[in-house]
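Colleague: Once you've had a glance at the structure underneath, I'll fire off some questions.
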């Protein structure tokens with residue numbers, strides 16, 4: 810399970826300073842990512858105000874589309890995020906987690 814999130818909107822709403830890291834968004838890197846994230850599993854335009862809300866929405870979407878319990882999704886996303894930031898820079902992050910027996914990549918962009 811992969812969840813890609815744009816956090817720019819959340820940063821603006823919270824007035825928090827943007828954290829910048831160096832990331833390379835080359836066409837080659839984006840094409841590699843696209844192999845794992847089919848277009849039909851991408852959702853854009855969610856109105857969210859926090860990382861928690863993004864994870865909750867991702868859980869709801871995965872539950873509705875794939876029958877995976879939303880708590881399983883959100884718990885796995887938070888567990889992975891506790892290991893270290895999944896931020897790529899420029900306000901983009903790819904929170905992700907592994908669910909035993911699950912092989913459903915998807916993207917939720919807020």
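Residue numbers (the numbering used here): 810 to 919. Quick reminder that beta carbons are idealized off the backbone N, C-alpha and C, glycines included. Since the structure is predicted, the reported quantities are computational estimates derived from the model, not experimental observations.
1. Which class does residue 868 belong to by DSSP, given the choice of helix, strand or coil?
2. Provide the residue(s) that pair with residue 843 in DSSP beta bridges, ordered along the chain.
3. Return the CA-CA distance between residue 880 and residue 870, expressed in angstroms with no decimal places.
4. Take the Cβ of residue 840 as the centre, count every other Cβ of all protein chains shown within 10 Å, and call the residue buried at 16 or more, exposed below.
5. To the nearest angstrom, how far is the alpha carbon of residue 872 from that of residue 897?
6. Applying the criterion that 16 or more other CB atoms from any shown protein chain within 10 Å of the CB defines a buried residue, is residue 868 buried or exposed?
Modeller: Put simply:
1. Sequence index remark: in the chain shown, residue 868 carries index 59 (1-based). Three-state DSSP puts residue 868 in a helix.
2. For the purposes of this step, residue 843 is identified with residue 34 of the chain shown, where counting begins at 1. DSSP, once it has assigned bridges, lists no residue as partnering residue 843.
3. Within the chain shown, residue 880 is the residue found at index 71, counting from 1. Within the chain shown, residue 870 is the residue found at index 61, counting from 1. Going from the Cα of residue 880 to the Cα of residue 870 covers about 11 Å.
4. For the purposes of this step, residue 840 is taken as the residue at position 31 of the chain shown. So residue 840 ends up on the exposed side.
5. Within the chain shown, numbered from 1, the residue matching residue 872 stands at position 63. Within the chain shown, numbered from 1, the residue matching residue 897 stands at position 88. Those two C-alpha atoms are separated by around 26 Å.
6. On the chain shown, position 59 is the one that residue 868 refers to. Answer is buried; the Cβ neighbour count reaches 16.
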